[in-house]
Amino acid sequence: MNTDLLVSVLKRASQRGATAADGYLVEESRFSASVRMREIENINHSREQRLSLRVFAGRASAAASTSDLSRESLERVVDEATALAKITAEDPHAGLPDPATLITRVPDLDLEDAGGDLSPEEKIEIARRAEAAALESDPRVTNSEGAEYSDRRARYAYATSHGFAHGYATTSFGISVSPIASRNGEMQRDYWYSTARKRDRLEDPEAVGRKAAARAVRRLGARKMKSVEVPVVFDPETAASLVRSIAGAASGPSLYRRASFFLDRLGTTIAAPTVTIVDDALIPSALGSRPFDGEGLATGRTVLVREGVLESYLLDTYSARKLGLASTHHAGRDGAGVSVTTTNLMLLPGKTTPQELIGSVKNGFYVTELIGFGVNGVTGDYSRGAVGQWIENGELAYPVEEVTVAGNLLQMLSAIDGVGDDLVLRDRTVAPTLRIGRMVVAGT
Amino acid sequence: MTDLARTRPESFFSDRFSITSDLMERVLGGNLIGKVDDADIYLEYRINEELVLEEGTVKKASRHVSQGAGVRAQSATRTGYAHTDEISLKNLEEAARQARAIADRSTVSGTLALPSRGRPHDLYTLAEPPIAADLARKLDLLRRIDAETRATDPRIKQVIASITSEEVIMLIATASGWTVGDIRPLTRLNVTTIAEEGGKREIGSYGGGGRVTFDFFLEEGRWRRFAAEAARQAVLKLSAVDAPAGSMTVVFGPGWPGILLHEAIGHGLEGDFNRKGTSAFAGRMGHKVASELVTVVDDGTIANRRGSLNVDDEGTPTGRTVLIENGILTGYMQDRLNARLMGMKPTGNGRRESYAYPPMPRMTNTFMLAGQDDPEEILKSVKHGLYAVTFGGGQVDITNGKFVFSASEAYLVEDGRITAPVKGATLIGNGPEALTRVSRVGSDLKLDEGVGTCGKDGQSVPVGVGLPTIRIDGITVGGTAV
Chain A
1 MNTDLLVSVL KRASQRGATA ADGYLVEESR FSASVRMREI ENINHSREQR
51 LSLRVFAGRA SAAASTSDLS RESLERVVDE ATALAKITAE DPHAGLPDPA
101 TLITRVPDLD LEDAGGDLSP EEKIEIARRA EAAALESDPR VTNSEGAEYS
151 DRRARYAYAT SHGFAHGYAT TSFGISVSPI ASRNGEMQRD YWYSTARKRD
201 RLEDPEAVGR KAAARAVRRL GARKMKSVEV PVVFDPETAA SLVRSIAGAA
251 SGPSLYRRAS FFLDRLGTTI AAPTVTIVDD ALIPSALGSR PFDGEGLATG
301 RTVLVREGVL ESYLLDTYSA RKLGLASTHH AGRDGAGVSV TTTNLMLLPG
351 KTTPQELIGS VKNGFYVTEL IGFGVNGVTG DYSRGAVGQW IENGELAYPV
401 EEVTVAGNLL QMLSAIDGVG DDLVLRDRTV APTLRIGRMV VAGT
Chain B
445 MTDLARTRPE SFFSDRFSIT SDLMERVLGG NLIGKVDDAD IYLEYRINEE
495 LVLEEGTVKK ASRHVSQGAG VRAQSATRTG YAHTDEISLK NLEEAARQAR
545 AIADRSTVSG TLALPSRGRP HDLYTLAEPP IAADLARKLD LLRRIDAETR
595 ATDPRIKQVI ASITSEEVIM LIATASGWTV GDIRPLTRLN VTTIAEEGGK
645 REIGSYGGGG RVTFDFFLEE GRWRRFAAEA ARQAVLKLSA VDAPAGSMTV
695 VFGPGWPGIL LHEAIGHGLE GDFNRKGTSA FAGRMGHKVA SELVTVVDDG
745 TIANRRGSLN VDDEGTPTGR TVLIENGILT GYMQDRLNAR LMGMKPTGNG
795 RRESYAYPPM PRMTNTFMLA GQDDPEEILK SVKHGLYAVT FGGGQVDITN
845 GKFVFSASEA YLVEDGRITA PVKGATLIGN GPEALTRVSR VGSDLKLDEG
895 VGTCGKDGQS VPVGVGLPTI RIDGITVGGT AV
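Structure, rendered in structure tokens:
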């Protein structure tokens, strides 16, 4: 772990007049191979590193980052950041966390694959198998946007001018497939993917391909609908996007800017009693897990919503101080500085099967894809393009497209009247199938 | 800083990293030429500065440097790409070997890339690049924006203003034996407000910029206009009613609503999707895909625009491509790979987010040419519908042609008159069909203020859009009022 480099950068910042500083170093190597219509399409190799630095001049701060880790470049970055800190305004809430609260022992979350690397040929073969399975699984799969295998190895190090210096390493692997199904001149694309920290936890490439093909084929023959207000069932993928919107509204920066529909709602009921949302950073080998946050604070399990009650916000040190609360240890780091990020964010499962949820709807909409950006984080107003299947008498009857689903997130959360038992921790943010009592589906 | 911004790309990379054009050509020649159909080496150095004011004070100041080199080798439909963030001869050689592995796995097609050499444009030589402008002047402007925006209306409770400035120096050496560089300034001013009244809160946002100097914001009252617009939108939305749900006549205002074109037809006319037959527009060249009132162009050659480039990221000078002429599909946007494979000419649309990505066909500034109609008459012609003037982001499913974009400022129209403002709503349509319903095109073509960023396959690039006032007879509005 290259903490020595960070420590020397922080030392220079002190020499330049910084009263405190912290730095984050990411070194990563990536590989991806894609195959389209059984032929190799792209092979990408990369190796990258980025050092980001935050310096304080009293209560004023500035950030800088560079991908050039040469001595001259690092010296320039430190000098520029310390100079910038002197022009920003004093902010009584700015500063590093109390050193006494920093993590002292880094837990081993088993985030790194211990196995050896595969050859490029073997990786290409994984993508080829996934796409071939999609192309062969149904005669209506006639074209493809391709299949991709990717892997990434990364090392993270964090240090502060108080003497904290720790790091950890991760690996991640992915397979994705985007087949195209066609019939009578109509074309429909869909996709499926698998991603994991350990290569052997990836789903079988053939299974990923077949699932992607089935998703594309089931969209053939899609109809537009007349506008109507009906129960709407979100599949686990689209339900997860609702959870992401909730996390955005619960994040500290949106709250202290008064730009969130969760403002002044801590401790109040914001969702149906069947809704519990948890962020858990310590699940071994999970994609969102991390041993400490972007400010060196120990991560843990945060209950965001417990049985419908908003129990916690998601805070870094700065937003916590602004709100008069304690950090929930959700600081994230990127080139631009400190932000708030979730780890493994989950809406916990209920006891109803997805089949029962669909079966409970006489006339409604089962959503399998959402597109567009129609979510207003300030008001919760929600309006997005949707694709899915129409439900008639408890059965998936036919595919639907070119419609929108609209409502308000606060009303939608309260109107959740069914939570599926089908939660799978297959990505950083996950949810089971959800049923919402009534939403407006707009069409013709 | 100023020195750096004034350098020539060739001397910049040779002074700083000892990488000369000759050396790049030697790496290409030794490793790639003759073994692949096309190849290039791309060097990039980027400085980015961001200043953010909120709660009345400049809270965030940051400066980021990134640099790197990407080496690409292509053989038939295959691309090998390797990049490194340490620009050195050793790493270029290693990247060239990795990229070439693609060729070792296939036979060369023998179809060599057409040289697309041409004179680079000179669209954004500036008296002073925005990144070099005095920090104190930028901070002062942010403070004035804050004060002015708050003064416009007592309901404005929050103001977030930011100035971002960037300078990208790039140099590309191609297998056809020429090297071309570009220095690309870019800046943007953005104002976001939160208005509150009676427990209701709303957000407004406005901004602009381009490949322009910092003084651009001070000229023609621009910053005051951006601030006033951001405040006006937030306050207006406090009284918005539920948006209607269903298909109706929609009049689009001029300028940024051109995002309609970007989503409805732009992406679908990018060369890669058409070569692969995965676009809803595939095989429709020469067919009628829009009303005869509609002519749409993609033009990367407009001086100082956010979406403009002197040369694209493959070294091809940008151009003006007519995508739709009087309703007939006439052109695709191409990079070198897809042009070669389709037997067409590169159009200067090969773009990449940074050295970390290989280029692909992307839009530059995409807009509809002006028509004959008086914009006011267009509004008056609507019995019952929606007038949409400001939009957030959009998205499209290339394959089935369905596109969405979100109206953030829109009004109901009754008997030709604008009535109540409505809450944000997503509009959804079908690309190959939506523009066939254009029944009026105004004489008031406007390009957007310079705020667009387009994402494709995880790569973001700055783009522009433009539109005159138009009327579309039937597009689905995704509101909640059934």
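Residue numbers (my numbering), protein chains in the order written: chain A, 1 to 444; chain B, 445 to 926. Heads up, the beta-carbon is just placed ideally off N, CA and C, and yes, glycines get one too.
List the residues of chain A that residue i touches, going by C-beta distances under 8 Å, in chain order.
i, result
"phenylalanine 849 (chain B)", "Gly372"
Report buried or exposed for residue i, applying the criterion of at least 16 other Cβ atoms within 10 angstroms of its Cβ.
i, result
"arginine 333 (chain A)", "buried"
"valine 141 (chain A)", "buried"
"arginine 197 (chain A)", "buried"
"histidine 828 (chain B)", "exposed"
"lysine 211 (chain A)", "buried"
"aspartate 482 (chain B)", "buried"
"threonine 444 (chain A)", "exposed"
Thinking C-beta only, is residue j closer than 8 Å to residue i?
i, j, result
"glutamate 28 (chain A)", "glutamate 41 (chain A)", "no"
"serine 691 (chain B)", "glycine 918 (chain B)", "yes"
"threonine 88 (chain A)", "valine 502 (chain B)", "yes"
"leucine 310 (chain A)", "isoleucine 270 (chain A)", "yes"
"glycine 923 (chain B)", "arginine 749 (chain B)", "no"
"leucine 347 (chain A)", "valine 275 (chain A)", "yes"
"serine 455 (chain B)", "valine 480 (chain B)", "no"
"threonine 760 (chain B)", "glycine 794 (chain B)", "yes"
"threonine 745 (chain B)", "glycine 763 (chain B)", "yes"
"histidine 527 (chain B)", "alanine 539 (chain B)", "yes"
"glutamine 389 (chain A)", "valine 400 (chain A)", "yes"
"lysine 681 (chain B)", "glycine 642 (chain B)", "no"
"alanine 925 (chain B)", "proline 688 (chain B)", "yes"
"alanine 281 (chain A)", "glycine 300 (chain A)", "yes"
"leucine 323 (chain A)", "glycine 418 (chain A)", "no"
"glutamate 714 (chain B)", "arginine 796 (chain B)", "no"
"glycine 221 (chain A)", "tyrosine 398 (chain A)", "yes"
May I have the straight-line CA-CA distance separating residue i from residue j, to the nearest angstrom?
i, j, result
"leucine 209 (chain A)", "isoleucine 175 (chain A)", "Rather than leucine, the amino acid found at residue 209 (chain A) in this sequence is glycine. About 9 Å."
"arginine 225 (chain A)", "tyrosine 318 (chain A)", "Here residue 225 (chain A) turns out to be methionine, not arginine, going by the sequence shown. Cα to Cα, the separation comes out at about 47 Å."
"leucine 10 (chain A)", "aspartate 117 (chain A)", "35 Å"
"arginine 669 (chain B)", "alanine 591 (chain B)", "14 Å"
"tyrosine 831 (chain B)", "isoleucine 862 (chain B)", "7 Å"
"glycine 775 (chain B)", "asparagine 718 (chain B)", "11 Å"
"threonine 446 (chain B)", "valine 233 (chain A)", "With a pLDDT of only 41 at threonine 446 (chain B), under the threshold of 50, the placement of this residue in the model should not be trusted, and no figure is reported."
"glycine 288 (chain A)", "histidine 565 (chain B)", "46 Å"
"aspartate 427 (chain A)", "threonine 379 (chain A)", "28 Å"
"asparagine 344 (chain A)", "isoleucine 283 (chain A)", "8 Å"
"threonine 897 (chain B)", "valine 905 (chain B)", "6 Å"
"aspartate 381 (chain A)", "proline 273 (chain A)", "22 Å"
"phenylalanine 31 (chain A)", "glutamate 121 (chain A)", "12 Å"
"proline 629 (chain B)", "serine 510 (chain B)", "15 Å"
Near residue i, which residues of its chain fall below 6 Å by C-beta distance, leaving aside the five closest residues on each side in sequence?
i, result
"isoleucine 709 (chain B)", "Gly875"
"methionine 786 (chain B)", "Arg719"
"leucine 135 (chain A)", "Val141"
"alanine 133 (chain A)", "Glu206, Gly209, Arg210"
Kindly list, in the order they appear in chain A, the residues whose Cβ is closer than 7 Å to that of residue i.
i, result
"glutamate 646 (chain B)", "Val378, Thr379"
"histidine 706 (chain B)", "In chain order: nothing, as chain A lies at least about 13 Å away."
"histidine 711 (chain B)", "Here the premise fails: no neighbours, minimum Cβ distance about 12 Å."
Using the beta-carbon of each residue, which ones in chain B are nearer than 8 Å to residue i?
i, result
"asparagine 143 (chain A)", "Lys720, Gly721, Thr722"
Quick one: what's got a C-beta closer than 7 Å to residue i's C-beta in the same chain, skipping five residues either side?
i, result
"alanine 442 (chain A)", "Ser227, Val403, Thr404, Ala406"
"valine 106 (chain A)", "His166, Tyr168, Pro291, Phe292"
"glycine 436 (chain B)", "Not covered by the structure: residue 436 (chain B). The range shown for chain B is 445 to 926."
Could you tell me which chain B residues have their CB closer than 7 Å to the CB of residue i, listed as they occur along the chain?
i, result
"alanine 21 (chain A)", "Neighbours of alanine 21 (chain A) on chain B: none; closest Cβ ~14 Å, over 7 Å."
"proline 120 (chain A)", "Ala545"
"histidine 45 (chain A)", "Ala526, Gln542"
Spatial neighbours of residue i within its chain, please: C-beta separation below 8 Å, excluding the five flanking residues on both sides.
i, result
"valine 340 (chain A)", "Ser251, Gly252, Pro253, Leu314, Leu315, Asp316, Ser319, His330, Ala331, Gly332"
Applying a beta-carbon distance threshold of less than 9 Å, which residues of chain B neighbour residue i?
i, result
"threonine 88 (chain A)", "Leu495, Thr501, Val502, Lys503, Lys504, Ala505, Leu583"
Any beta carbon from chain E within less than 8 Å of residue i's own beta carbon?
i, result
"valine 217 (chain A)", "No chain E is present in this structure, whose protein chains are A and B."
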